[in-house]
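Working notes for the structure below.
Residue numbers (the working numbering): 972 to 1685.
Okay, structure coming up:
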């Protein structure tokens, strides 16, 4: 049987089983206070030891760790071993990572989402590396009969400078494996970091560049069948009847099966299945309103004025503040539904047997995949395995398990291993979208230009709470009301990179600029005044770090030379999300009479930067993603069906439109916080505010390209 793309925790077990010796440590992801312990390689191979993860140092000097979190391009597979290698003083060239499969008995947070992997694992990984280093030093000191304090480490070697002796980690691994792990361990002072903070190439770069089978679409199992699925072409329709005779008669087609609200064409190749799928004759019946974009605009207006709102936060006497205000500013902002558009469309492999299920593919939530498959198959979760492949993008789309469920359904019906593949049209037209939202902001100023009242109402389509009621400027305004209204739509929605804040930050930061202008104040100084107010006399609870936000604001102002450049129009934005703080300055220049976004200066506080290369990519990617979708991204609907089904209709930012992104990190020495998402939310606001400076026209809706003020620019 030929299988491509199987690297997993089992590979680590093989290392343990075949190792002639070496040091193996077990450490816990689920308990950051638990110290690693030395374990026997034979016990690991036999499955007798159940630690969350393992760190091995072989007699050949190789260093291997298991990484449990799915890799979707955020660089976790590189960052994790870097943390271990730093505390271990390892030669980076000798370190490698093995992707862990789903195992909820030993892994605590086997999820990629919310920018939380590094914050969760930072201390655990450091302890593993530091413990291994201590054991190796103790083994060397014992061998040389010298005090441990006289030994140092560097590039996978223990060194005794007085005698000039040195031993490699591989030479010491056996001896270290016979020692007991210390009950207390001292971690490095971050000032002594040598690897962390450097630019390190992604560990999969070579394999990606040379076309190695890493991704879900690469996975192949000899004898498996391929399936494409026809889902309802509009949200609000239900399957009524299917005529599949013509499809079944096509070459290579094994069968056509139905389940739930879907029709699956199953065959021996993707191309044969795709051609046959085009011949299906399907009738649908209506089960819900077939909503169009015009309906959404009407619903937004109705609910904004008359919907039953849920109060999310209320401080002070808002009504009195607005009644007594010297000036009131109002504005509304709206964004459309958006697809996730990962480069790799949805796909998954499933083999449902009577005694268990094997699942392989790209998922951000492997446990959810297993749980959902257990429900539809009736097979106990412990008999279902999930192997995680590298993923060609996710942005929240692969947090869902619908494509995994489909693969399991088809495999169960066919009694065979099946790989379900979505086309680009499937991915865009049948997907789970960013919710469409409209916001109404109101601000009350007194005679001195002080913000004394603030209101925000969010109306969302399947968005849940469309606000973040405890984010800035909450805590800085004495009289504040934030509420939300929800519309239940048949259009499926879900998390989209930096959920809710991806649009809320743009709307809020654009509005704050409007308020600052009405107050006659510089936009940055206006925000700093609000933060100082929150610091000295907070209104209610403050749930963000004021000093961290002030630091990124000042750094962005400094690095952009705020307000001092000639022929450059600058716009400012700052936001807190996923435990991190990002301030951005967009810079627009007039070219041939048109405003063009040329630069974005970003100041980022994500705590200690592990891999500078990966971190720069995350920030720059987030900025480009935020600006690109704010400017061009638009999905509209007609009678429940999306108008855009591929990239010829869904506009993405082009290479020539991408601004230069200059990134600066705050060096405050705190433990790492999130970075996969925080750079996206403030990007649209920085661009829109800069555009206003150049044109004196506000952009209150996304995509910008549809705004009258933006016509003729693209």
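Don't be surprised by glycine CBs; every beta carbon is placed ideally from N, CA and C.
Keep in mind it's a predicted model, so treat the numbers as computed, not measured.
Query, Result
"First through last residue of the beta strand (DSSP E) which encompasses residue 1679", "From DSSP, residue 1679 is part of no beta strand (DSSP E); its letter is neither H nor E."
"Same chain, Cβ closer than 7 Å to residue 1230, neighbours up to 5 away in sequence not counted", "1380, 1384"
"DSSP bridge partner residues for residue 1201 (one or two, in chain order)", "1234"
"The region 1361-1377 in contact with the region 1261-1278 per 3-pair CB rule at 8 Å", "no"
"For residue 1635, the first and last residue of its enclosing alpha helix (DSSP H)", "Segment 1631-1636 is the beta strand (DSSP E) holding residue 1635; no alpha helix (DSSP H) there."
"Collapsed DSSP secondary structure at residue 1525 in the structure displayed", "helix"
"Boundaries of the alpha helix (DSSP H) in which residue 1586 is found, first to last residue", "1583-1603"
"Classification of residue 1395 by the beta-carbon crowding that lies within 10 angstroms, buried from 16 upward", "exposed"
"Given residue 1030 as reference, the closest of 1491, 1141, 1485 once Cα atoms are compared", "1141"
"Buried versus exposed call for residue 1191 [16 or more other C-beta atoms within 10 Å across all chains shown]", "exposed"
"Ordered list of alpha helix (DSSP H) runs contained in the region 1274-1356, each at least 4 residues", "1289-1294, 1337-1348"
"With 16 other Cβ atoms within 10 Å as the buried cut-off, status of residue 1070", "buried"
"Reduced DSSP category for residue 1643 - H, G, I as helix; E, B as strand; rest coil", "coil"
"Three-state secondary structure (DSSP) of residue 980", "Reliability fails at residue 980, whose pLDDT of 47 lies under 50, so the model's placement of it is uncertain and no value is given."
"Residue 1502, enclosing alpha helix (DSSP H) - first and last residue", "1494-1507"
"Beta-carbon proximity list for residue 1174, same chain, < 8 Å, skipping 5 on both sides", "1048, 1049, 1052, 1067, 1068"
"For residue 1548 and residue 1469, the rounded distance between their alpha carbons", "8 Å"
"Same chain, Cβ closer than 8 Å to residue 1674, five either side skipped, listed in chain order", "1307, 1600, 1601, 1602, 1603, 1604, 1605, 1622"
"Contact between the region 1560-1574 and the region 1625-1634 (3+ Cβ pairs under 8 Å)", "yes"
"Every unbroken beta strand (DSSP E) inside the region 1380-1466 [3 residues or more]", "1389-1392, 1408-1416, 1422-1432, 1450-1458"
"Whole-angstrom C-beta distance between residue 1247 and residue 1218, which should lie under 8 Å", "4 Å"
"Length-filtered (4 minimum) alpha helix (DSSP H) runs lying within the region 1119-1150", "1140-1148"
"Whole-angstrom C-beta distance between residue 1416 and residue 1510, which should lie under 8 Å", "Incorrect: roughly 16 Å between the Cβ atoms, too far for contact."
"Bridge partner(s) assigned by DSSP for residue 1559", "1540, 1568"
"Beta-carbon gap between residue 1660 and residue 1484 smaller than 7 Å", "yes"
"Local Cβ density within 10 Å of residue 1242, reported as buried at 16 or more and exposed below that", "exposed"
"Alpha carbon of residue 1482 to alpha carbon of residue 1202, nearest angstrom", "40 Å"
"Alpha carbon of residue 1215 to alpha carbon of residue 1345, nearest angstrom", "29 Å"
"Integer-rounded CB distance, given that residue 1256 should sit under 8 Å from residue 1211", "5 Å"
"First through last residue of the alpha helix (DSSP H) which encompasses residue 1116", "Premise fails: residue 1116 is in no alpha helix (DSSP H) and is neither H nor E."
"Segment limits, alpha helix (DSSP H) that includes residue 1055", "1047-1059"
"Under the three-state DSSP convention, the category residue 1514 falls into", "coil"
"For residue 1507 and residue 1284, the rounded distance between their alpha carbons", "21 Å"
"Contact the region 1553-1569 vs the region 1142-1149: 3+ CB pairs below 8 Å", "no"
"C-beta atoms of residue 1341 and residue 1357 nearer than 7 Å", "yes"
"Residues bridged to residue 1252 (per DSSP)", "1214"
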